[in-house]
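Heads up, the sequence shown is in this note's numbering, so the first residue is -15 and it goes up one at a time.
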Amino acid sequence: MNARLLRATTLLVGTLAAGYVGYTRPDAASTTLDAGMILGASEAVATAGPSGARVVAPRPSAAQQSYADINAPYDAKYHFVRIRYDVGGGGFGRRRGGREPAWAHDYPRAEHNFLKIIDETTYVVPQTEGSNVLTLDDPELFKYPIAYIVEVGSWNPTDEEVASLGEYLLKGGFLIVDDTRNERGNEWANFAYHMERALPGLALVPLDHGHDIFDSFFEVNPAAVIPPYGRYPAEYFAIFEDNDPDKRMLVLFNFNNDIAEYWEYSDMGYFPIELSNEAYKLGVNYIVYALTH
């Protein structure tokens, strides 16, 4: 396990825990964390009240962005860009069955935690104070080389969105597809159908576990990245320029996996640190690979 990544993930856990009443910070002699390093993953901070007791006060953060002004402005840094799409009434501010829209699963905690890891472990300079949500037909998308989309079984893009996606990918864009499950029935087929609309003739093919993307920064065994839902093994697919695996990868498809689920809850103790680390390492590899190819 990479020591810096373990340290960064542990720091996320410790930062969140420090915001709760009753949390006892480890003695300085027993921890390797730097007291001055705060990743800001928590939504609250502990402060001293009038009686000296620890109380929780809100921490202003990018998570408080409103839907009217949700995106961090372009600044030439790496921005995490999540694709928003309509699912027939489950649009930007609407909920599905009392939950978030399909496109917003794990938003915004997953990307905010992930951006801290990118900042801590690589020389990529990310925008850590906010994230971006864009539709495929938004011209702003072309400012950002990497986009992320989830739950593509619900995805039904318009002709305009499909045309824009195809243009974006052929001009150098890279699409990461996450949070897909075989048990939901049609996710692979639905995604493959719409990608044929966007990139006619380019096939979604199995990705060899020895591909460079799994070794672009961290050495990752993709078979060891256990899906958080656990029923089926993770599979990896890709779309390549001219259907040639030796040419540029346009799309990376995590099938039967949801690495952002680990990112979202890595600072809450729901999953073992080792599993969260593998999910972070895989995500870091995707970003580094896309930015260098």
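Each residue gets a CB set at the ideal place from its N, CA and C atoms; glycine is no exception.
Requested in this report: Could you tell me whether the segment 98 to 107 touches the segment 263 to 274, where touching means 3 or more Cβ pairs closer than 8 Å?
Outcome: They touch, by the three-pair rule.
Query - Burial state of V65 (16 or more Cβ within 10 Å) - result: Buried: at least 16 other Cβ atoms inside 10 Å.
Query raised in the report: What first and last residue would you give for the beta strand (DSSP E) that runs through Y69?
Result: Counting along the chain, Y69 falls outside any beta strand (DSSP E), and DSSP gives it neither H nor E.
Query raised in the report: Going along the chain, which residues of its own chain have a beta-carbon closer than 7 Å to the beta-carbon of R215, five neighbours each way excluded?
Result: Beyond the five residues adjoining it in sequence on each side, R215 comes within less than 7 Å, by CB distance, of E167 in the same chain, given in chain order.
Query raised in the report: By the 10 Å Cβ neighbour count, where 16 or more other Cβ atoms means buried, how is V189 classified, buried or exposed?
Result: Exposed, since its Cβ has fewer than 16 Cβ neighbours within 10 Å.
Requested in this report: Less than 8 Å between the CB atoms is what I'm expecting for V109 and Y152, so what's the real figure, rounded?
Outcome: A Cβ-Cβ separation of about 22 Å leaves V109 out of contact with Y152 under the 8 Å criterion.
Query raised in the report: Quick one: what does DSSP say D196 is sitting in, helix, strand or coil?
Result: Secondary structure of D196 (DSSP, three-state): helix.
Report task. Could you have a look at T119 and say whether DSSP puts it in helix, strand or coil? Result -> The DSSP-derived three-state label of T119 is coil.
Query - Under the three-state DSSP convention, the category F239 falls into - result: Strand at F239.
Query raised in the report: Can you tell which of D122, A131, V161 has its C-alpha closest to the C-alpha of E299?
Result: Residue numbering for the chain in the displayed model covers -15 to 277; residue 299 lies beyond these limits and cannot be assessed.
Query raised in the report: In this structure, does DSSP put S35 in helix, strand or coil?
Result: Low local confidence applies: a pLDDT of 43 at S35 is under 50, so the model's placement there is unreliable, and no value is given.
Query raised in the report: Thinking C-beta only, is V209 closer than 8 Å to I243?
Result: Contact flag set, yes.
Query raised in the report: Cα separation between P212 and R165?
Result: Straight-line Cα distance between these residues: approximately 11 Å.
Requested in this report: Can you tell me the Cβ-Cβ gap for L191 and A222, rounded? I've got them flagged as a contact below 8 Å.
Outcome: About 4 Å; that satisfies the 8 Å criterion.
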